[in-house]
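Notes follow the structure.
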């Protein structure tokens, strides 16, 4: 009749990540200059949605006004 009893254990500390020179350089540059500007994406032809159905008579009549 040996039962296993789980005790609430303390969560383990996070392991520190290894040092990387690129992250250190980027962090120093952001501190000195500021964050990089957001990317301005160009509209691609694939992303432009075309109408899947022909316009209805009601829509044609309402657009002509």
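In our numbering, the protein residues as written are 21 to 85.
Even for Gly, the Cβ is constructed at its ideal location relative to N, Cα and C.
The structure presented is a predicted model; accordingly, all values stated were derived computationally and were not measured.
Item                                                                                               : Value
Starting from the Cα of residue 55, find the closest Cα among 47, 70, 64 and give me that residue. : 47
Distance, Cα to Cα, residue 70 vs residue 43?                                                      : 43 angstroms
DSSP three-state call for residue 77: helix, strand or coil?                                       : helix
For residue 46, report the span of its alpha helix (DSSP H) as first-last.                         : 41-52
Between the alpha carbons of residue 38 and residue 45, how many angstroms are there, rounded?     : 15 angstroms
Does DSSP put residue 84 in a helix, in a strand, or in coil?                                      : helix
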